[in-house]
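Each number in the working numbering corresponds to the 1-based position in the sequence shown with 4 added.
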Amino acid sequence: SDHMENICGYLMKYTNLVTGWQYRYFVLNNDAGLLEYFVNEQSRHLKPRGTLQLAGAVISPSDEDSHTFTVNAASGEQYKLRATDAKERQHWVSRLQICTQHHTEAIGKNNPPLKSRSFSLASQGSANSPGVQRRPSQNAVSFFSVGHHRLPTGKRVPIMQPDHLVDVREMMSQAEGQQRDLIRSIECLPVSGHLTSLDQDLLMLKATSMATMNCLNDCFHILQLQHASQQKGSLPAGTTISWLEPKISLANHFKNGAAQNFPAEINKPASVREEQSITEPCQLTRELEEINPDEELEDICDDKEDDLGAVEDQRSVILHLLSQLKLGMDLTRVVLPTFILEKRSLLEMYADFMSHPDLFIAITNGTTPEERMIRFVEYYLTSFHEGRKGAIAKKPYNPIIGETFHCSWRMPKSDVATDAGNNSSAHSLSEQVTLSKDTEGQTELDYYTVKFVAEQVSHHPPVSGFYAECVEKKMCVNAHVWTKSKFLGMSIGVTMIGEGVLSLLEHGEEYTFSLPCAYARSILTVPWVELGGKVNINCAKTGYSASINFHTKPFYGGKLHRVTGEVKQNMMNTVVCRVQGEWNSVLEFTYSNGETKYVDLTKLSVTRKRVRPLEKQGPFESRRLWQRVTESLRDGDIDKATEHKRALEERQRNEERLRAETETPWRTKYFLKEGDGWVYHKPLWKTVSAVQTQQPDTN
Numbered sequence: 005s006d007h008m009e010n011i012c013g014y015l016m017k018y019t020n021l022v023t024g025w026q027y028r029y030f031v032l033n034n035d036a037g038l039l040e041y042f043v044n045e046q047s048r049h050l051k052p053r054g055t056l057q058l059a060g061a062v063i064s065p066s067d068e069d070s071h072t073f074t075v076n077a078a079s080g081e082q083y084k085l086r087a088t089d090a091k092e093r094q095h096w097v098s099r100l101q102i103c104t105q106h107h108t109e110a111i112g113k114n115n116p117p118l119k120s121r122s123f124s125l126a127s128q129g130s131a132n133s134p135g136v137q138r139r140p141s142q143n144a145v146s147f148f149s150v151g152h153h154r155l156p157t158g159k160r161v162p163i164m165q166p167d168h169l170v171d172v173r174e175m176m177s178q179a180e181g182q183q184r185d186l187i188r189s190i191e192c193l194p195v196s197g198h199l200t201s202l203d204q205d206l207l208m209l210k211a212t213s214m215a216t217m218n219c220l221n222d223c224f225h226i227l228q229l230q231h232a233s234q235q236k237g238s239l240p241a242g243t244t245i246s247w248l249e250p251k252i253s254l255a256n257h258f259k260n261g262a263a264q265n266f267p268a269e270i271n272k273p274a275s276v277r278e279e280q281s282i283t284e285p286c287q288l289t290r291e292l293e294e295i296n297p298d299e300e301l302e303d304i305c306d307d308k309e310d311d312l313g314a315v316e317d318q319r320s321v322i323l324h325l326l327s328q329l330k331l332g333m334d335l336t337r338v339v340l341p342t343f344i345l346e347k348r349s350l351l352e353m354y355a356d357f358m359s360h361p362d363l364f365i366a367i368t369n370g371t372t373p374e375e376r377m378i379r380f381v382e383y384y385l386t387s388f389h390e391g392r393k394g395a396i397a398k399k400p401y402n403p404i405i406g407e408t409f410h411c412s413w414r415m416p417k418s419d420v421a422t423d424a425g426n427n428s429s430a431h432s433l434s435e436q437v438t439l440s441k442d443t444e445g446q447t448e449l450d451y452y453t454v455k456f457v458a459e460q461v462s463h464h465p466p467v468s469g470f471y472a473e474c475v476e477k478k479m480c481v482n483a484h485v486w487t488k489s490k491f492l493g494m495s496i497g498v499t500m501i502g503e504g505v506l507s508l509l510e511h512g513e514e515y516t517f518s519l520p521c522a523y524a525r526s527i528l529t530v531p532w533v534e535l536g537g538k539v540n541i542n543c544a545k546t547g548y549s550a551s552i553n554f555h556t557k558p559f560y561g562g563k564l565h566r567v568t569g570e571v572k573q574n575m576m577n578t579v580v581c582r583v584q585g586e587w588n589s590v591l592e593f594t595y596s597n598g599e600t601k602y603v604d605l606t607k608l609s610v611t612r613k614r615v616r617p618l619e620k621q622g623p624f625e626s627r628r629l630w631q632r633v634t635e636s637l638r639d640g641d642i643d644k645a646t647e648h649k650r651a652l653e654e655r656q657r658n659e660e661r662l663r664a665e666t667e668t669p670w671r672t673k674y675f676l677k678e679g680d681g682w683v684y685h686k687p688l689w690k691t692v693s694a695v696q697t698q699q700p701d702t703n
């Protein structure tokens with residue numbers, strides 16, 4: 005309360021599509037827990053134009069810019085507000101959050117527990133008769149009958165025995181059981197005919213019933229907290245109140261809205277049984293394998309993810325999935341429907357970020373620290389376009405622990421920009437439309453080789469490590485990424501937690517960088533991807549840094565896929581380069597000397613990666629591991645792809661269970677744990693250092 009203060013001032017408030025943003029005078033009344041606004045300061049003595057109760061509200065800074073934030077009241081009303089700058093936004097947000105927390109906690113402290121009540125819940129009609137449930141007379145009110153009863157006179161509920169909460173918990177368990185029966189009854193309906201399990205009204209009933217149970221669980225949690233506050237000081241140390249989660253298992257509802265009861269082993273396809281039996285024993289250790297780039301061939305696989313029709317066909321599956329998710333829910337352990345998958349692993353997607361090896365190699369050719377930092381920013385911003393396959397937002401396979409992916413690129417030396425005077429080489433590449441050059445007949449001296457390896461080093465949390473190097477140019481990059489997905493309503497957000505380090509050994513420089521967040525938007529119609537968030541690139545040795553903002557589409561107006569950034573010399577605090585444009589279209593680089601360069605990513609040449617044929621790959625290499633899933637997706641057989649995918653996931657769970665029983669730790673193959681990160685076991689900086697120390701001193 006020491007930090008609570010009544011503040012007032014002008015903020016912009018979003019009204020509607022017609023009037024847009026308007027200045028309004030806002031007043032935070034801490035004593036009453038109210039946020040009020042007026043047309044202007046002069047009308048403050050009049051009745052406020054609008055008032056929000058802050059108890060139970062959620063104050064959320066927006067990720068679309070540094071000025072906007074929202075106030076979501078418990079009543080459902082929302083104010084979308086915009087301050088003049090980031091500092092003012094932080095001031096308002098912090099004061100609103102303090103006031104909100106104070107008045108929310110006061111509700112539990114000041115209000116007595118609710119009077120004891122019991123619930124009589126009876127299902128109207130048989131759970132096995134879905135046709136009866138469709139009768140008009142059986143609506144949500146008649147589905148549950150709720151009665152209120154007084155406790156017998158003279159009986160008091162013991163403080164440490166909250167019988168009323170026990171009764172509610174028991175009745176809620178009954179309600180959850182009836183809700184499960186309702187869902188089973190709907191899902192037992194045929195998929196075709198007059199009344200089907202995919203009927204839009206029944207899907208809506210499933211969604212609303214699940215949302216209702218989630219809401220009741222949340223309310224029950226509030227009652228628990230309220231009761232605990234009445235007994236403050238009486239609870240033993242260490243007592244915790246658990247949050248009730250939905251009781252329906254998401255893993256049982258991942259295909260066409262129906263529970264998957266893969267029954268007897270005999271009913272599984274022979275290929276799936278074979279897939280499980282081949283690697284049934286837990287492979288706790290895997291031999292390190294050195295990949296010979298000469299065995300790799302130019303990739304001929306070209307799986308474009310441009311099938312938009314599948315989303316319309318599978319909308320019922322998405323509706324069913326949404327009915328079981330809560331805002332902010334972590335999707336790491338949620339089994340998503342197979343039809344939304346890309347035909348590649350997440351490890352291969354990281355490799356596709358390296359599809360412009362000419363720009364990657366050209367970084368170390370910069371003659372000054374400033375030029376090398378600018379070249380790295382250029383490469384970084386051009387990497388995301390090819391990393392995404394097609395316009396539709398599909399999801400790569402979640403890598404299995406121990407899964408690896410290897411590839412390489414060969415880049416003709418004549419196509420790599422050298423010094424500042426040859427910057428036009430990289431620029432001219434944007435005018436080419438050719439996919440790659442035929443480097444098969446060239447000798448080793450005519451091209452550079454960039455080698456790439458990725459490994460899934462952890463399952464919970466899901467962490468991937470990847471490493472790339474060009475030995476000839478004495479440069480390498482090492483990164484580890486933890487992907488964390490959350491449900492955001494009509495979109496899904498993926499946070500890329502981790503860090504990468506680019507090492508230019510010829511210059512003794514290291515560049516640390518992070519990755520932006522990704523969002524799948526409009527998941528009920530035609531999903532699309534956008535990037536969002538701020539990333540930083542730093543080189544401690546040279547004092548140069550870059551700040552890059554990936555802008556998500558504003559609530560009203562604005563462009564898609566917009567990115568802005570600047571490169572600074574920190575000691576002089578001067579900006580040496582600015583960049584703006586779209587990360588999947590055209591980027592504009594403006595340098596301190598006034599020159600401007602445009603890069604059209606749609607015309608930028610892509611060098612195909614080189615991979616070993618499937619028959620030469622190990623059993624845990626991505627393409628061989630997911631081969632049957634990929635083939636089924638190419639054939640459009642979603643059911644078969646789902647079975648193969650489930651077999652791989654089940655095998656992973658069995659191995660994890662066996663390791664836990666035998667207390668055997670997982671041993672990675674190519675990456676070693678160092679602090680909070682993962683580092684390739686034989687990075688180029690160790691090899692180069694060893695060679696330099698072995699060279700005789702000629703002085």
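Where a beta carbon is used, it is the ideal one built from N, C-alpha and C, also for glycine.
Given residue i as reference, the closest of the options once Cα atoms are compared
i	options	result
HIS71	ILE63, ARG93, ARG53	ARG93
ALA61	ARG661, VAL567, VAL75, GLU68	VAL75
ALA550	HIS565, GLN573, TYR354, LYS557	GLN573
ASN588	THR386, PHE491, ILE404	THR386
GLY536	GLN82, ASP171, GLU647, HIS565	HIS565
THR556	ASN577, ALA522, ASN542	ALA522
HIS511	LYS477, ASN542, SER495	LYS477
LYS488	GLY504, HIS463, VAL580	HIS463
THR39	GLY54, PHE675, ILE187	The identity of residue 39 in the sequence shown is Leu, whereas the question assumes Thr. Checking every option, the nearest Cα to that of LEU39 belongs to GLY54.
ILE102	ARG48, ILE63, LEU85, TYR83	ILE63
VAL498	VAL505, LYS455, ALA472, PRO466	PRO466
LEU629	LEU519, MET479, TYR27, ARG650	ARG650
GLU300	VAL615, THR691, LEU345	VAL615
ASN33	GLN26, MET8, THR546, THR578	MET8
SER66	LEU220, ARG86, LEU345, VAL579	ARG86
GLU382	ASP69, CYS474, MET358	MET358
Coarse secondary structure for residue i, derived from DSSP in three states
i	result
PRO194	coil
LEU125	Below a pLDDT of 50, predicted positions are generally treated as unreliable, and LEU125, at 32, falls in that range; the measurement from the model is reported next regardless. Coil, per DSSP.
CYS223	helix
THR516	strand
LYS17	strand
GLU9	coil
TRP587	coil
LYS210	helix
ASN265	Below a pLDDT of 50, predicted positions are generally treated as unreliable, and ASN265, at 39, falls in that range; no measurement from the model is reported.
GLU473	strand
SER706	Lying before the first or after the last residue shown, residue 706 is absent from the chain, which here runs from 5 to 703.
THR606	coil
PHE3	Residue 3 is absent from the structure shown; the chain starts at 5 and stops at 703.
ASN296	coil
LYS51	coil
ARG188	helix
LEU199	coil
LEU85	strand
LEU535	strand
PHE675	strand
Residues that residue i bridges to, as DSSP identifies them
i	result
TRP413	VAL454
LYS399	LEU345
ILE541	PHE517, ALA550
THR499	LYS488
SER468	GLN460, VAL485
Beta-carbon gap between residue i and residue j smaller than 8 Å
i	j	result
PRO403	LEU350	yes
ALA627	LEU618	Reading off the sequence shown, one finds Arg at residue 627, where the question assumed Ala. Their beta carbons are under 8 Å apart, which means ARG627 touches LEU618 by this criterion.
LYS613	TRP413	yes
GLY502	GLN460	no
PHE554	VAL567	yes
CYS12	VAL43	no
VAL590	CYS581	no
LEU209	SER201	no
The ligand PLP heavy atom lying under 7 Å from the CB of residue i
i	result
VAL498	No copy of the ligand PLP occurs in the structure displayed, which carries no ligand at all.
Enumerate, from N- to C-terminal direction, the unbroken alpha helix (DSSP H) stretches of 4 or more residues contained entirely within the region 621-668. 626-629, 631-638, 642-666
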